[in-house]
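Asker:
In my numbering, the protein residues as written are 11 to 502.
So, in structure tokens, the structure goes:
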């Protein structure tokens with residue numbers, strides 16, 4: 011079955027409170043997807059944003075981001091008053107998320123809702139079902155608040171090293187702060203479950219992202235230090251990244267701690283299974299970020315300032331993949347197999363049975379023939395015009411070399427009458443890939459200002475793009491439906 015979908019993170023939806031939420035505009039976008047003949051809505055990680063406001067640097071691999079809670083829904087429940095939501099400046103630019111405003115004000119408003127909340131059976135059931143990660147996350151966030159937001163590596167030793175008596179006392183002393191975190195997660199679960207069920211009822215699956223790594227300053231590393239390559243002071247011995255390439259002379263130094271895969275295997279990969287079970291409660295399909303890291307990963311000495319000094323180290327391979335498949339037989343996966351792909355990585359992707367990714371923007375390098383030309387795609391693949399880490403299509407045409415653009419024109423038969431961006435989308439839709447995913451920015455034909463992320467940079471341009479009110483018009487839905495139907499991607 012041929013399908014298509016749209017990539018747009020929830021934060022990019024319009025709305026009155028500074029960031030896209032799980033409220034009426036999210037439901038309206040699901041309606042738009044249905045009108046446009048789409049089968050999938052792809053989003054970025056829903057976990058709390060951390061360093062650099064990135065959804066890929068989260069304090070928890072399992073928790074939901076409370077910034078996404080819809081305040082109007084809480085007003086409808088009687089947990090907030092309308093004037094409480096409107097008394098805050100959520101940002102000056104409605105087409106940019108002001109994460110500074112989110113950090114300064116969101117939790118303060120949500121604390122008002124928490125004070126009015128009365129737990130019931132549904133809350134108790136949620137806490138019981140998620141105790142395996144919720145308990146450590148709630149305590150971690152309460153301790154972090156008590157320490158002024160500092161990294162757990164800078165906490166008092168009794169908390170940093172998990173002294174059982176000290177943590178038991180902390181649970182008593184910080185009971186209200188812990189319960190606040192439970193409340194936020196319960197409300198996130200309620201709002202997200204309702205939205206996902208609405209989408210599923212319209213025949214739309216949610217594709218979500220799971221980063222391969224977690225940040226050092228996270229509940230996961232703090233609570234499970236033996237599962238990571240840490241020294242006796244619980245600081246990383248090696249850090250994650252990727253080697254130098256034609257795009258980055260120094261490679262990319264991500265800084266995340268690396269897994270101790272031997273220890274992971276000894277536990278039956280229990281932490282990963284718990285993580286993926288949490289993901290299965292959020293998503294219908296999981297895109298595993300940096301899939302090649304399961305075959306081999308780039309390990310950089312922790313003290314290095316660039317990724318140049320790293321080396322490839324063998325990953326867990328198919329033993330790990332089989333464990334996931336046994337534990338989660340009904341969860342579909344996509345392998346993000348971009349980057350330096352060796353025959354061994356390709357074999358692991360093929361042996362896993364997970365479809366890989368093909369990105370149209372990578373296809374038209376005038377210097378050499380590319381593996382990303384559509385006539386080379388296997389049917390069992392996912393074709394993207396570009397991802398959140400890439401330029402928008404309009405930006406590509408604005409900034410690519412004339413030689414590369416000439417290659418695209420010749421290959422796809424691009425012309426000014428149709429429009430180059432629309433022609434590129436046509437090329438993706440016409441590929442044999444069973445699923446084609448297009449960024450919302452590309453359907454809107456937006457340029458550099460709408461790019462979601464500039465990898466390797468810290469900037470207010472990253473993760474902040476929001477669509478303008480009315481972006482999801484019936485006229486645009488009709489156009490998207492037309493090309494979706496033309497290439498046999500509307501569900502029968």
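By construction, the Cβ of each residue, glycine as well, lies at the ideal position given by its N, Cα and C atoms. Keep in mind the model is a prediction, meaning the values are calculated, not measured.
How should residue 404 be labelled, buried or exposed, when 16 other C-beta atoms within 10 angstroms of its C-beta is the threshold for buried?
Answerer: When all chains shown are included, residue 404 counts as buried.
Asker: If we count the other Cβ atoms within 10 Å of its Cβ and call it buried at 16 or more, is residue 324 buried or exposed?
Answerer: It counts as exposed.
Asker: Taking only the alpha-carbon atoms, compute the straight-line gap between residue 208 and residue 53 and give it to the nearest angstrom.
Answerer: Distance between the alpha carbons of residue 208 and residue 53: 16 Å.
Asker: In whole angstroms, what separates the C-alpha of residue 309 from that of residue 250?
Answerer: For residue 309 and residue 250, the distance between alpha carbons rounds to 6 Å.
Asker: Report the three-state DSSP secondary structure of residue 351 (helix, strand or coil).
Answerer: It is coil, neither helix nor strand.
Asker: Taking all protein chains shown into account, decide if residue 501 is buried (16 or more other Cβ within 10 angstroms of its Cβ) or exposed.
Answerer: With fewer than 16 Cβ atoms within 10 Å of its Cβ, residue 501 is classed as exposed.
Asker: Going by alpha carbons, who is nearest to residue 360 out of 350, 373, 370 and 345?
Answerer: The shortest Cα separation from residue 360 among 350, 373, 370 and 345 belongs to 345.
Asker: Beta carbon of residue 299, beta carbon of residue 246: below 8 Å?
Answerer: No, the Cβ-Cβ distance between residue 299 and residue 246 is not below 8 Å.
Asker: Using 8 Å for Cβ pairs, my map puts residue 317 next to residue 263. What's the rounded Cβ distance?
Answerer: Yes, residue 317 and residue 263 are in contact; Cβ-Cβ is about 4 Å, under 8 Å.
Asker: Mapping DSSP to helix, strand and coil, what is residue 82?
Answerer: Correct three-state label for residue 82: helix.
Asker: Can the beta-carbon of residue 493 be found less than 8 Å from the beta-carbon of residue 436?
Answerer: Yes. Within cutoff.
Asker: In the DSSP assignment, find the unbroken alpha helix (DSSP H) run with residue 280 in it and report its ends.
Answerer: 280–292 is the extent of the alpha helix (DSSP H) around residue 280.
Asker: Give the DSSP-derived three-state secondary structure of residue 462 in the structure shown.
Answerer: Correct three-state label for residue 462: coil.
Asker: Report the CB separation of residue 40 from residue 473 in whole angstroms; it is logged as a contact under 8 Å.
Answerer: Actually they do not touch by this definition, with Cβ atoms about 22 Å apart.
Asker: Mind the definition here: the stretch 58–65 touches the stretch 169–178 only if three or more C-beta pairs lie below 8 Å; say whether that holds.
Answerer: No, they do not touch.
Asker: Just checking: is the beta-carbon of residue 59 within a distance shorter than 8 Å of some beta-carbon in chain B?
Answerer: Among the protein chains of the structure shown there is no chain B, as only one such chain exists.
Asker: With 16 other CB atoms within 10 Å as the buried threshold, where does residue 57 fall?
Answerer: Buried, because 16 or more other Cβ atoms sit within 10 Å of the Cβ of residue 57.
Asker: Which value, in whole angstroms, describes the spacing of the CA atoms of residue 480 and residue 29?
Answerer: Distance between the alpha carbons of residue 480 and residue 29 is about 16 Å.
Asker: Determine which residues share a DSSP beta bridge with residue 215 and list them.
Answerer: Note: residue 215 sits in a beta bridge opposite 50.
Asker: May I ask which residues mark the beginning and end of the alpha helix (DSSP H) holding residue 17?
Answerer: Unbroken run through residue 17 is the beta strand (DSSP E), 13–17; no alpha helix (DSSP H).
Asker: Does the Cβ-Cβ distance between residue 434 and residue 394 come in under 8 Å?
Answerer: No, these two residues do not count as a Cβ contact at 8 Å.
Asker: Output the boundary residues of the beta strand (DSSP E) element that contains residue 392.
Answerer: Here the beta strand (DSSP E) through residue 392 covers 391–394.
Asker: Entirely within the stretch 308–344 and at least 4 residues each: give me those alpha helix (DSSP H) ranges in chain order.
Answerer: You should have 327–337.
Asker: Identify which residue in 70, 117, 122 and 499 has its Cα closest to the Cα of residue 91.
Answerer: Closest by alpha carbon: 122.
Asker: Could you pull out every residue in the same chain whose Cβ sits closer than 8 Å to the Cβ of residue 312, ignoring the five residues on either side in sequence?
Answerer: So the qualifying residues of the chain are 245, 246, 247, 248 and 249.
Asker: Run through the DSSP bridge pairs and tell me what residue 251 is partnered with.
Answerer: According to DSSP, which records beta bridges pairwise, residue 251 is partnered with 263 and 308.
Asker: By a C-beta neighbour count over all protein chains shown, 10 Å radius and 16 as the cutoff for buried, is residue 400 buried or exposed?
Answerer: Per the 10 Å Cβ criterion, buried.
Asker: Mind checking whether residue 32 and residue 184 have CB atoms under 8 Å apart?
Answerer: Cβ atoms of residue 32 and residue 184: not closer than 8 Å.
Asker: If contact is defined by three or more beta carbon pairs under 8 Å, each pair taking one atom from either stretch, is the stretch 67–81 in contact with the stretch 191–204?
Answerer: As far as the Cβ criterion goes, the stretch 191–204 touches the stretch 67–81, which means the pair count is three or higher.
Asker: Please list the terminal residues of the continuous alpha helix (DSSP H) segment that includes residue 92.
Answerer: It spans 92–96 - the alpha helix (DSSP H) in which residue 92 sits, taken as one unbroken run.
Asker: Take the Cβ of residue 34 as the centre, count every other Cβ of all protein chains shown within 10 Å, and call the residue buried at 16 or more, exposed below.
Answerer: Burial call: exposed.
Asker: Which residue marks the beginning of the alpha helix (DSSP H) containing residue 119, and which one marks its end?
Answerer: 117–126 is the extent of the alpha helix (DSSP H) around residue 119.
Asker: Starting from residue 449, follow the beta strand (DSSP E) in both directions and report where the run begins and ends.
Answerer: Unbroken beta strand (DSSP E) run through residue 449: 445–449.
Asker: Sort 194, 287 and 138 by Cα distance to residue 334 and report the nearest one.
Answerer: Ranking the options by Cα distance to residue 334, first place goes to 287.
Asker: Which first and last residues belong to the beta strand (DSSP E) in which residue 274 is found?
Answerer: Unbroken run through residue 274 is the alpha helix (DSSP H), 271–276; no beta strand (DSSP E).
Asker: What first and last residue would you give for the beta strand (DSSP E) that runs through residue 419?
Answerer: From DSSP, residue 419 is part of no beta strand (DSSP E) but of the alpha helix (DSSP H) over 412–422.
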